[in-house]
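**Student:** Below is a structure I'd like to ask you about.
Structure, rendered in structure tokens:
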């Protein structure tokens with residue numbers, strides 16, 4: 275399961291980086307740039323949630339050992 279979490283983080287990071295390159299920084303709110311900004315925010319939140327999940331699993335393992 276741990277490998278799956280890290281693979282998902284890698285995929286989300288690659289989507290985040292790809293979408294950052296798609297943003298037109300002179301006008302990031304209109305057209306395709308808006309979609310790219312929204313997708314970048316979504317993939318960044320996915321990375322954050324997966325990181326929280328990994329940390330909570332580690333904490334649960336440590337508490338169960340005691």
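In our numbering, the protein residues as written are 275 to 340. Note that beta-carbon positions come from the ideal geometry of N, C-alpha and C, so glycine has one too. From a predicted model like this one, the values you see are computed outputs, not experimental measurements.
Less than 8 Å between the C-beta atoms of residue 327 and residue 280, yes or no?
**Tutor:** Against a cut-off of 8 Å, the Cβ pair of residue 280 and residue 327 comes out as no contact.
**Student:** Once DSSP output is grouped into helix, strand and coil, what is the label at residue 301?
**Tutor:** Coil.
**Student:** Using the rule of at least 16 other Cβ atoms within 10 Å of the residue's Cβ for burial, across every protein chain shown, is residue 324 buried or exposed?
**Tutor:** With 16 or more other Cβ atoms within 10 Å, it is buried.
**Student:** DSSP on residue 340, reduced to helix/strand/coil?
**Tutor:** Here residue 340 sits in coil by DSSP.
**Student:** Do you know whose CA, among 282, 275, 335, 286, lies nearest residue 315's CA?
**Tutor:** Closest option to residue 315, Cα to Cα, is 286.
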